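**Q** Got a structure for you, questions after.
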Amino acid sequence: MAASIKDVAKEAGVSIATVSRVLNDVDVVNEETKKKVLEAIDKLGYRPNIVARSLKTQRTSTIGIIIPDISSQFYPEIVRGAEDVANIYNYNIMLCNTDLDTEKEMEYLKVLKEKMVDGVLYMSNSLEDSIVNLIKQLQIPMVLVETTSKEGNIPSVTIDNEKAALDAVNYLIKKGDKKIAYIGTHEDAANASALRYTGYKTALKQNSIKLDENIVHFGGLKVSDGYDGINAILEKESIDSVFCSSDEIAMGAINALRDKNIKVPEQVDVIGFDNIYSASVFYPKLTTIGLPMYDMGSVGMRMLIKIINKKEVDKDSYVLEHELIERDSCKR
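Below, the structure written as C-alpha cells:
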C-alpha cells in the first residue's frame, strides 16, 4: 500500500501540517525539521497526490507544449531545450501535436485549460486572429516560440526571420547569382516563415534585382513542396539558385534538380533554413541558416516559468541570433 502524508508525518515525528509546508516549500520550516521530513519521504517512497494538491493550490506543476508537426526535425530540439529547463524546476510536460491544423490547435488550447496546466509554450503553424482571441479568452500564461503575435502582446522567443532571409539571399547574390528562386510560405501567412519571403524580396530590391514571380513558388515546408516547387519553376524559367524557407524544402529541391540532371552546386546553388540534423548529412550537405533551436526552447521555458510564478521577466520578447552555415550546396 502506498505511503500517505500521515505515514510521513509519523516517521518524521512532526505534524501533517509541517509535512505539507515542506512539500510546498514554505520557508517557516527550519532546516533540521525539513531534513527529517525529506528523509522520511525518501524512506517511505511517498509521492504526493497531485490531483488533490492541484485542487487546493490551483497549480498542477504541468506545462503544455503545442507543436505544429511532430514529424519535423525542427521542433524536437526546441522541445528538448524546454523540457530540460522544466525538469530543473520540477514541472511536467504535456506535449500536443496539431498536425498543422488550426482547429486542432484551438481544441488543444481548450483541453490544456481544462487540464489546469500552469502555462503553455506555444509553437503555431499559423497564429491567426481566431487563435489569438482564444488565447486572450482562456487567460493561460503563455510564451510563443518561433513566432510572434501581430500586436506583440504575447511574450515570445524567436529570431529575426526577415533579416536571416536577407542574409541568405545576399549570400547568393555575392556569388554572382541573379535569377534567385524562392520556395516557401506566402507572406500573408500568420507565421514566422512568412517573414522569410519578405526578407527575400527586400534583398532583391536592395540589389536592384527585379522580382520575377515565375520563379516564386508558395506552399508548405516539406520535402514534397521543394520537389514540386522546382518542377513548377523550371517549367517557366531557368535559375541560378534557390532560396528555400526550410531545409526540408531544400532537400526536395535538390532531389528534383538531380532528377533533371542539374548539378548542385555546379549549375544551381541551393540554400536552406533551420539547420536541422539532416542538413549536415544530406548530399550535398546543405548551406543553410542555423537557428538556435535548443536555446529557443530553454529561453522560452525559463520565461514561462517566471511568468507562472509572477516573477519579473527581463523582456517581453527575445530575438536570438541566427548564423549562416556554409556547406556544399552552394558554390564556394
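Sequential numbering from 206 applies to the sequence shown in this note's numbering. Ideal Cβ positions, reconstructed from N, Cα and C, are used throughout, including at glycine. The model shown is predicted, which means the values in this text are computed figures rather than measured ones.
How many angstroms separate the CA atom of C535 from the CA atom of V473?
**A** What you label residue 535 is simply residue 330 of the sequence shown in a count that begins at 1. What you label residue 473 is simply residue 268 of the sequence shown in a count that begins at 1. About 8 Å.
**Q** Using DSSP with H/G/I as helix, E/B as strand and the rest coil, what is N358?
**A** Here the question's residue 358 lines up with position 153 in the sequence shown. Residue state, collapsed to three classes: coil.
**Q** Please classify I268: does DSSP put it in a helix, a strand, or coil?
**A** To locate residue 268, count along the sequence shown from 1; it is residue 63. Strand at I268.
**Q** If you count every other CB in all the chains shown that lies within 10 Å of the CB of R463, and 16 or more means buried, which is it?
**A** Counting from one through the sequence shown, the residue named residue 463 turns up at place 258. Classification of R463: exposed, given that the 10 Å Cβ count is below 16.
**Q** According to DSSP, is L260 helix, strand or coil?
**A** Stepping through the sequence shown from its first residue, residue 260 is reached at position 55. Its pLDDT being 48, under 50, L260 is placed unreliably by the model, and nothing is read from it.
**Q** Closest to L300 by CA distance: which of G381, I270, G218 is it?
**A** One-based indexing of the sequence shown puts residue 300 at position 95. Checked all of G381, I270, G218; the closest Cα to L300 is I270.
**Q** Quick one: what's C301 bridged to in DSSP?
**A** Position 96 of the sequence shown, counting from 1, holds the residue named residue 301. C301 is bridged to I271.
**Q** By how many angstroms is the C-alpha of I444 removed from the C-alpha of A386?
**A** Here the question's residue 386 lines up with position 181 in the sequence shown. Here the question's residue 444 lines up with position 239 in the sequence shown. Taking the straight line from one Cα to the other gives about 7 Å.
**Q** Can you tell me the Cα-Cα spacing of N366 and I476, whole angstroms?
**A** Residue 366 sits at position 161 when you count from the first residue of the sequence shown. Residue 476 sits at position 271 when you count from the first residue of the sequence shown. Rounded to the nearest angstrom, the two C-alpha atoms are 15 Å apart.
**Q** Tell me, please, which residues DSSP counts as bridged to C535.
**A** For the purposes of this step, residue 535 is taken as residue 330 along the sequence shown, with counting starting at 1. C535 is not bridged to any residue.
**Q** State the DSSP-derived secondary structure class of A408, mapped to helix, strand or coil.
**A** The residue you call residue 408 lines up with position 203 of the sequence shown. DSSP places A408 in helix when its eight states are reduced to three.
**Q** Could you pull the start and end residues of the beta strand (DSSP E) that T576 belongs to?
**A** Lying before the first or after the last residue shown, residue 576 is absent from the chain, which here runs from 206 to 537.
**Q** Quick check on V486: buried or exposed, where buried means 16 or more other Cβ atoms within 10 Å of its Cβ?
**A** Looking up residue 486 in the sequence shown gives position 281. The residue in question, V486, is exposed, as its Cβ has fewer than 16 Cβ neighbours within 10 Å.
**Q** Which of the three DSSP states is assigned to E392 in this structure?
**A** Residue mapping note: residue 392 aligns to position 187 of the sequence shown, counting from 1. Coil.
**Q** Could you tell me how far apart the beta carbons of L332 and T352 are, in whole angstroms, since I believe they sit closer than 8 Å?
**A** Against the sequence shown, residue 332 aligns to sequence position 127. Against the sequence shown, residue 352 aligns to sequence position 147. Their Cβ separation, rounded to whole angstroms, is 5 Å, which keeps L332 and T352 in contact under 8 Å.
**Q** With the cut-off set at 8 Å, would you say A373 and L529 are in Cβ contact?
**A** For the purposes of this step, residue 373 is taken as residue 168 along the sequence shown, with counting starting at 1. For the purposes of this step, residue 529 is taken as residue 324 along the sequence shown, with counting starting at 1. Going by C-beta atoms, A373 is nearer than 8 Å to L529.
**Q** Would you mind reading off the limits of the beta strand (DSSP E) that contains D230?
**A** The residue given as residue 230 occupies position 25 in the sequence shown. Here D230 belongs to no beta strand (DSSP E), and DSSP marks it neither H nor E.
**Q** Per DSSP, what kind of secondary structure is Y523 in: helix, strand or coil?
**A** For the purposes of this step, residue 523 is identified with residue 318 of the sequence shown, where counting begins at 1. Three-state result, Y523: strand.
**Q** Taking the DSSP output, what are the residues bridged to G505?
**A** Along the sequence shown, one-based indexing puts residue 505 at 300. Paired residue(s): none; G505 is not in a bridge.
**Q** Is the beta carbon of G434 sitting closer than 8 Å to the one on A458?
**A** To locate residue 434, count along the sequence shown from 1; it is residue 229. To locate residue 458, count along the sequence shown from 1; it is residue 253. Cβ atoms of G434 and A458: closer than 8 Å.
**Q** What separation, rounded to the nearest whole angstrom, lies between the Cα atoms of S451 and I388?
**A** Mapped onto the sequence shown, residue 451 falls at position 246. Mapped onto the sequence shown, residue 388 falls at position 183. Whole-angstrom Cα-Cα distance: 9 Å.
**Q** Using alpha carbons as the reference points, say which of I512, K240, L409, A484 lies closest to Q344.
**A** On the sequence shown, residue 344 is found 139 positions in, with the first residue counted as 1. The shortest Cα separation from Q344 among I512, K240, L409, A484 belongs to I512.
**Q** Taking the alpha carbon of S329 as the point to measure from, which residue in E319, E471, M347, I293 has its own alpha carbon closest?
**A** For the purposes of this step, residue 329 is taken as residue 124 along the sequence shown, with counting starting at 1. Minimum Cα distance to S329 is reached at M347.
**Q** Please classify I530: does DSSP put it in a helix, a strand, or coil?
**A** For this step, residue 530 is matched to residue 325 along the sequence shown. Here I530 sits in strand by DSSP.
**Q** My output table needs one value for S225: the three-state DSSP class, helix, strand or coil.
**A** On the sequence shown, position 20 is the one that residue 225 refers to. Of the three classes helix, strand and coil, the one that applies to S225 here is helix, per DSSP.
**Q** Expressed to the nearest angstrom, what Euclidean distance is found between the alpha-carbon atoms of I420 and M321?
**A** Within the sequence shown, residue 420 is the residue found at index 215, counting from 1. Within the sequence shown, residue 321 is the residue found at index 116, counting from 1. Looking at the two C-alpha atoms, the distance is approximately 48 Å.
**Q** Please report the residue range of the beta strand (DSSP E) in which M456 lies.
**A** Reading the sequence shown from its first residue, position 251 is the one you call residue 456. First-last for M456: 452-464, but that is the alpha helix (DSSP H), not the beta strand (DSSP E).
**Q** Just the C-alpha distance for D393 and I272, rounded to the nearest angstrom, thanks.
**A** The sequence position of residue 393 within the sequence shown is 188, counting from 1. The sequence position of residue 272 within the sequence shown is 67, counting from 1. So the two alpha carbons sit approximately 21 Å from each other.
**Q** Examine the Cβ distances between the region 304-312 and the region 279-286 and report whether three or more of them are shorter than 8 Å.
**A** The region 304-312 vs the region 279-286: no contact.
**Q** If you draw a straight line from the C-alpha of K241 to the C-alpha of R226, how long is it?
**A** Position 36 of the sequence shown, counting from 1, holds the residue named residue 241. Position 21 of the sequence shown, counting from 1, holds the residue named residue 226. Distance between the alpha carbons of K241 and R226: 13 Å.
**Q** Starting from G434, follow the alpha helix (DSSP H) in both directions and report where the run begins and ends.
**A** The count along the sequence shown starts at 1 and reaches residue 434 at position 229. Looking at the DSSP string, the run of the alpha helix (DSSP H) that includes G434 is 428-439.
**Q** Once you ignore the five residues that flank T238 on each side, which residues in its own chain have a CB closer than 7 Å to its CB?
**A** Reading the sequence shown from its first residue, position 33 is the one you call residue 238. Contacts found: V219, T223.
**Q** With DSSP collapsed to three states, give me the class of F423.
**A** Here the question's residue 423 lines up with position 218 in the sequence shown. Three-state result, F423: strand.
**Q** State the Cα-Cα distance for the pair L339 and K441, rounded to the nearest angstrom.
**A** Mapped onto the sequence shown, residue 339 falls at position 134. Mapped onto the sequence shown, residue 441 falls at position 236. Each residue's Cα considered, the two are about 43 Å apart.
**Q** From P253, Y296, A208, A217, pick the residue whose C-alpha is nearest to that of M506; which is it?
**A** The sequence position of residue 506 within the sequence shown is 301, counting from 1. Residue Y296 is the option with its Cα nearest to M506.
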